[in-house]
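Working notes, beginning with the structure itself.
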Amino acid sequence: MASEYLIILLIVLGITIWLEKTCHLQLFNTKKERVIITLVLFLIGVAWDTFAIYRGHWLFLPEKNLGITIGLMPLEEYLFMLIQPYFIITIYKLVESKLKIKK
């Protein structure tokens with residue numbers, strides 16, 4: 001299915017938003033911090049993936065994606081670079097809150 005990757009990403013995003021809201025997690029101290037951290041992680045991820053695709057370490061089959069490509073990467077991979085760090089930070093903060101880890 002051409003949109004399978006996108007569907008999985010949207011499910012992960014939905015679960016992540018639901019967890020952040022229902023568990024009242026504070027992922028970042030400010031909106032500025034949220035934007036900066038997201039941008040830095042996004043740029044690192046895009047650079048990493050672009051290099052890996054260029055070197056032939058992995059590829060994305062057009063029939064498995066929507067077919068929208070920016071540079072060497074499909075649109076879904078750019079979304080992955082935004083959603084996956086958000087998911088990881090959310091899970092980390094959820095576990096931290098449940099274990100009552102103090103810094």
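First residue of the sequence shown: 1, per the UniProt record's numbering; consecutive thereafter.
For every residue, glycine included, the Cβ atom is placed at its ideal position computed from N, Cα and C.
Source: prediction; values computed, not measured.
Host alpha helix (DSSP H) of residue i (start-end)
i          : result
residue 36 : 31-54
Residues of its chain near residue i, where Cβ-Cβ distance is below 8 Å and the 5 sequence neighbours each way are ignored
i          : result
residue 66 : 2, 3, 6, 74, 75, 76
residue 97 : 23, 25
residue 94 : 19, 23, 25
Anticipated Cβ contact below 8 Å, residue i with residue j, distance rounded
i          : j          : result
residue 72 : residue 53 : 4 Å
residue 27 : residue 89 : 5 Å
residue 16 : residue 87 : 5 Å
residue 85 : residue 38 : 7 Å
Three-state secondary structure assigned by DSSP to residue i
i           : result
residue 68  : coil
residue 73  : strand
residue 1   : coil
residue 61  : coil
residue 25  : coil
residue 93  : helix
residue 100 : coil
Of the residues the options, the one placed nearest residue i, counting alpha carbons only
i          : options        : result
residue 83 : 51, 46, 50, 69 : 46
residue 41 : 29, 100, 80    : 80
Neighbourhood of residue i by C-beta distance below 6 Å, restricted to the same chain and skipping five residues each side
i          : result
residue 20 : 90
Neighbourhood of residue i by C-beta, 7 Å cutoff - its chain only, sequence neighbours within 5 removed
i          : result
residue 58 : 52
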